[in-house]
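Read through the structure below, which is laid out as structure tokens, and then see the notes.
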Amino acid sequence: MTIDLGRRLWGTSSPAYGLHDKIEGSIKLSGHHHELIEDISVTLEGSLVTTVLGDGGIARSNTLFMHHAIFLPLASHPAERDEYPFTISIPSEITLQGVTALTPPSFYRLHLGVTGEIVYSLKISMTRQASRMSFKREPTETQTISILYFPKTRPSDPPLADIPKPLSDRDPHFSSPSVNIAEHVDTFPLSPRWSPVSSHTKHPLASLESFKTSVFFSIPAPQSFASGEPIPFFLSLVFPDSPAQAALYTKTITVTLMKQLTVRSAKSHLRKLFSRSKNSPSRFSSPKSSKSSTPLHSRSASPVPFEDDSDDASSHSDSSSSSPADLDKYGPPVVRRWKLTSGHLETRSEYSEGVYLLRGWISAGELGRGCSWKVGQIAQLQYFLEVEIASPAAMEDHIPAFRLEKEIEITTDCWEMMNRELQSMGGIPTPALGLERSLLEKESEYEIMLR
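If you read the sequence shown in the UniProt record's numbering, its first letter stands for residue 1, the second for the next number, and so on.
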């Protein structure tokens, strides 16, 4: 049995596909006794592979979140039995544990003892009638081909290049910028907090009420941005009764884009044997590893429709779907977060006495290499903007610091790019090849291990 997936267009290590794409190929049979073939199936599978290094050792799990299969019709004439063309669509969405989201891209990340990996494979199986086989051969022959899935995504709305300055004739006192900022902009207050070394830490809420409407962060709405593009932001410091305090805060502002991976590994009975217990003070000198595999491929009530160019192909689609009870099979979420980029303040102006307006921008990571995704409630890749305004060291007992954390969505492409590329490629979906960067990091890690 020989599998042909056609000519590779994108120069990747494995066949690569994009959003709304379909896998087209053919199966060529060799040898004799084709009349003994009972069925030929083509199955597209997606799996989440996690590894978590904990106190008790290494916990590995493999969760099947997609199982999409078709059965090919057997030829009715001997002359047609040597080659079988097929087409199988890649579902653009998955539903798992009550969460519907875009099918995640191929992915790999290792960070501080935690690995998360999204892998896809195409399995071709041929079953023969074992009872009539007079020759020594396995009744079922299966071939597995690794594929790459890099869907392009874009922001839900056109981007806002700049945030307008509030108009003074609307509100001369500027009590809150949310009234004055234009449409398509969201404004969030920063939460005041005392420094850990401040004498107020024993009573953290003391004297903070008056600061809750003092600092605001404005950002385009909705919070969906293309990777590599600049994200404009606007900071408003409102201290009309303390102009000197406002001036101090303008020098201690940091805006950071963070990337966060959250995974939940499947529980394993073996792992409990090696984990440390409160009743047993002994420790193992070397970490033990355990493996568990959790299939989650029950048939969806609303299967993804199968598209095939041939009229005589039969198919079925199993998109991932499971009840929230499946979460009992998993351990607690493990979170890893790392810094991507830092913001830049471009302009600072005193709107009125004690009111400062600061305009800046922050890059949304590297061009074409970022993408938010989610797999049910067991894994997700998120992006957060962290806004912090520190209190000067000499003033920590007198004035608080401020902080805001806001989740944003990152897409692979800008708003107008996808339609333009689709037209230029004659309707062929283009993979987001920038996402291959994470897989190249995995290959480099293997090379280092082999040295």
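Ideal placement from N, C-alpha and C gives every residue a C-beta, glycine not left out.
Since the structure is predicted, the reported quantities are computational estimates derived from the model, not experimental observations.
Of the choices the options, whose alpha-carbon is the least far from that of residue i?
{"i": "E407", "options": "E386, S47 and S236", "result": "E386"}
{"i": "I253", "options": "E388, Y84, A432 and N62", "result": "E388"}
{"i": "F150", "options": "G368, L160 and T50", "result": "G368"}
{"i": "P192", "options": "A390, T430 and L440", "result": "A390"}
{"i": "Y249", "options": "S41, V263, V215 and P230", "result": "V215"}
{"i": "residue 453", "options": "H20, L19, G25 and G18", "result": "Residue numbering for the chain in the displayed model covers 1 to 451; residue 453 lies beyond these limits and cannot be assessed."}
{"i": "I23", "options": "R60, L160, L148 and M126", "result": "L148"}
{"i": "I124", "options": "K152, R109, E38 and E141", "result": "E141"}
{"i": "D55", "options": "G46, G113 and S92", "result": "G113"}
{"i": "P196", "options": "F402, G46 and S438", "result": "F402"}
{"i": "L44", "options": "A432, Y120 and G116", "result": "Y120"}
{"i": "G343", "options": "G354, I219 and L433", "result": "I219"}
{"i": "D82", "options": "I3, P164 and L433", "result": "I3"}
{"i": "P139", "options": "K28, E38, K442 and T63", "result": "E38"}
{"i": "M126", "options": "V263, H111 and Q143", "result": "Q143"}
{"i": "N62", "options": "K329, E366, W415 and F239", "result": "K329"}
{"i": "G228", "options": "R154, W194, A101 and K442", "result": "R154"}
{"i": "V238", "options": "A246, Y84 and K442", "result": "A246"}
{"i": "A161", "options": "P232, I378, H111 and S47", "result": "P232"}
Does residue i come out as helix, strand or coil in the three-state DSSP assignment?
{"i": "residue 514", "result": "No answer is possible for residue 514: it lies beyond the span of the chain, which begins at 1 and ends at 451."}
{"i": "L5", "result": "coil"}
{"i": "E366", "result": "coil"}
{"i": "D312", "result": "Bear in mind that the predicted position of D312 carries a pLDDT of just 40, short of 50, making it unreliable; the figure below should be weighed with that in mind. Here D312 sits in coil by DSSP."}
{"i": "G25", "result": "strand"}
{"i": "G18", "result": "coil"}
{"i": "F384", "result": "strand"}
{"i": "F211", "result": "helix"}
{"i": "K165", "result": "coil"}
{"i": "S61", "result": "strand"}
{"i": "Q143", "result": "strand"}
{"i": "L327", "result": "helix"}
{"i": "S438", "result": "helix"}
{"i": "Q245", "result": "helix"}
{"i": "L345", "result": "strand"}
{"i": "L433", "result": "helix"}
{"i": "A393", "result": "helix"}
{"i": "V179", "result": "Its pLDDT being 45, under 50, V179 is placed unreliably by the model, and nothing is read from it."}
{"i": "L36", "result": "helix"}
{"i": "K374", "result": "strand"}
{"i": "P189", "result": "strand"}
{"i": "R264", "result": "coil"}
{"i": "S106", "result": "coil"}
{"i": "S91", "result": "Before going further, note that residue 91 is Pro rather than Ser in the sequence given. DSSP places P91 in coil when its eight states are reduced to three."}
{"i": "H398", "result": "coil"}
{"i": "E416", "result": "coil"}
{"i": "residue 476", "result": "Residue 476 lies beyond the residue range present for the chain, which begins at 1 and ends at 451; the question has no answer from this structure."}
Under a Cβ-count criterion, where at least 16 other Cβ atoms within 10 Å of its own Cβ denotes burial, should residue i be classed as buried or exposed?
{"i": "I428", "result": "exposed"}
{"i": "Q97", "result": "buried"}
{"i": "E183", "result": "exposed"}
{"i": "A266", "result": "buried"}
{"i": "E436", "result": "buried"}
{"i": "W338", "result": "exposed"}
{"i": "G11", "result": "exposed"}
{"i": "L9", "result": "exposed"}
{"i": "Q380", "result": "buried"}
{"i": "P333", "result": "exposed"}
{"i": "A357", "result": "The sequence as given places Leu at residue 357; Ala does not occur at that position. Per the 10 Å Cβ criterion, buried."}
{"i": "A59", "result": "buried"}
{"i": "G434", "result": "buried"}
{"i": "K251", "result": "exposed"}
{"i": "D413", "result": "buried"}
{"i": "L439", "result": "buried"}
{"i": "T28", "result": "Here residue 28 is Lys; the residue named in the question, Thr, does not match the sequence. K28 should be labelled exposed."}
{"i": "S106", "result": "buried"}
Comparing the CB of residue i with every heavy atom of the ligand ZN, is any distance shorter than 7 Å?
{"i": "S13", "result": "The model depicted lacks the ligand ZN and carries no ligand whatsoever."}
Would the region 337-349 count as touching the region 205-224 if we require 3 or more Cβ pairs under 8 Å? no
Is it the case that the region 183-191 contacts the region 256-268, given that we only count it when at least three CB pairs across the two stretches are under 8 Å? no
Touch check for the region 85-100 and the region 64-71: three-plus C-beta pairs under 8 Å? yes
Does the pairing of the region 356-375 with the region 390-403 give three or more beta-carbon distances under 8 Å? no
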